[in-house]
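Residue numbering for the sequence shown follows the numbering used here, starting at 39 and increasing by one per position.
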Amino acid sequence: MSHLSPSILSADFAKLGEQILQIEKTGVKYLHIDVMDGMFVPNISFGAPIIRSLRPHSNLIFDVHLMVEDPDRYIDDFAEAGADIITVHAEACTHLDRVLQHIKDCGKQAGVALNPATPLSAVEYVLPKTYLVLLMGVNPGFGGQKYIPYCTEKICNLRNMIDKRKLSTLVAVDGGIKRDNLKEAADAGADILVAGSAVFNGDLQENIETLLKIMK
Ligand code: DX5
Ligand code: ZN
39 MSHLSPSILS
49 ADFAKLGEQI
59 LQIEKTGVKY
69 LHIDVMDGMF
79 VPNISFGAPI
89 IRSLRPHSNL
99 IFDVHLMVED
109 PDRYIDDFAE
119 AGADIITVHA
129 EACTHLDRVL
139 QHIKDCGKQA
149 GVALNPATPL
159 SAVEYVLPKT
169 YLVLLMGVNP
179 GFGGQKYIPY
189 CTEKICNLRN
199 MIDKRKLSTL
209 VAVDGGIKRD
219 NLKEAADAGA
229 DILVAGSAVF
239 NGDLQENIET
249 LLKIMK
């Protein structure tokens, strides 16, 4: 069974606490939190203080996606702020193995994100210590972009790589996931489907209910 992970990048920040409570009531387990530094990606979002403020109000699994250069500098901060999963980009780490170990040493689950053009070989050796691999369906930086179709083949290939080695690493997909391609990504082997604009644009509850129905 696949899980939906709503990305708060598309939330109404003036109503963030309220919207997260609404999400929790739908039975969703994950919350995707996009941190952007204006360097690794062209956009700036928010940092650890937002996570620290939300933490006491939510039991959702905080899945923190760091789109940040040299993320090793911030692992302790995000761990302390209340992240459950910390995902770093392979492209942003000179010493990816060291960063993953750092996340695990903080008692958190470690994730690796790959941009669309980055081959799966970038995670081949670290897969056993990786809780999830986040395959980007768009070039990261903004919500509301169009899904790049070749990413579906990448989801299938990663699924096969994990299954062949009998690993429990989760496959996640992030970017451009909408009502019309959610099922395609789930069927290709994604365990976690991240969706921002498809969740927050319009009626939040109705959107989540529709997306969950399509995923079944
Ligand atoms: C993209 C972010 C995504 C984003 C997805 O850089 O990492 O998590 O919020 O937004 P949608 O679902 O609108 O493409
Ligand atoms: Zn993301």
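Quick reminder that beta carbons are idealized off the backbone N, C-alpha and C, glycines included.
Nothing here was measured: the structure is a model prediction, and the numbers come from that model.
Same chain, Cβ closer than 8 Å to residue i, five either side skipped, listed in chain order
i, result
"ILE82", "MET74, ASP75 and GLY76"
"LEU98", "ILE58, ILE61, GLU62, VAL66, LYS67, TYR68 and LEU69"
"MET199", "LEU158, GLU162 and LEU165"
Residue range of the beta strand (DSSP E) that includes residue i
i, result
"VAL66", "Looking at the DSSP string, VAL66 is not in any beta strand (DSSP E), and its letter there is neither H nor E."
"SER91", "Where SER91 is concerned, there is no enclosing beta strand (DSSP E), although the alpha helix (DSSP H) it sits in stretches over 86-92."
"HIS103", "99-105"
"LEU42", "41-44"
Limits of the unbroken alpha helix (DSSP H) element including residue i
i, result
"VAL161", "Careful: VAL161 lies outside any alpha helix (DSSP H) and carries neither H nor E."
"LEU242", "242-253"
"PHE238", "235-238"
Spatial neighbours of residue i in its chain, beta-carbon cut-off 7 Å, leaving aside the 5 residues before and after
i, result
"THR190", "GLU222, ALA223 and ALA226"
"THR248", "ARG217"
"MET174", "ALA151, LEU152, ASN153, PRO154, ASP212 and GLY213"
"LEU205", "LEU165 and PRO166"
Nonlocal neighbours in the same chain, by C-beta distance under 6 Å from residue i, ignoring five residues either side
i, result
"ASP101", "SER43, TYR68, HIS70 and ILE123"
"MET105", "MET74, PHE78, VAL79 and PRO178"
"LYS142", "ALA148"
For review: beta carbons within less than 5 Å of any heavy atom in the ligand ZN:
ASP72, HIS103 and ASP212
Note down, one range per segment and in chain order, each alpha helix (DSSP H) of at least 4 residues found wholly within the region 109-155.
113-119 and 134-143
Report yes or no: do the region 107-127 and the region 149-165 share at least 3 C-beta pairs separated by less than 8 Å?
As far as the Cβ criterion goes, the region 107-127 touches the region 149-165, which means the pair count is three or higher.
Ordered list of beta strand (DSSP E) runs contained in the region 171-222, each at least 3 residues
Runs of the beta strand (DSSP E) inside the region 171-222: 208-212.
Quick check: the region 236-251 against the region 44-54, are there 3 or more CB pairs under 8 Å?
yes
Using 8 Å as the Cβ pair cut-off and three pairs as the minimum, do the region 175-188 and the region 207-226 touch?
yes
Does the region 161-171 come into contact with the region 133-143, if we say contact requires no fewer than three beta-carbon pairs (one atom in each stretch) closer than 8 Å?
yes
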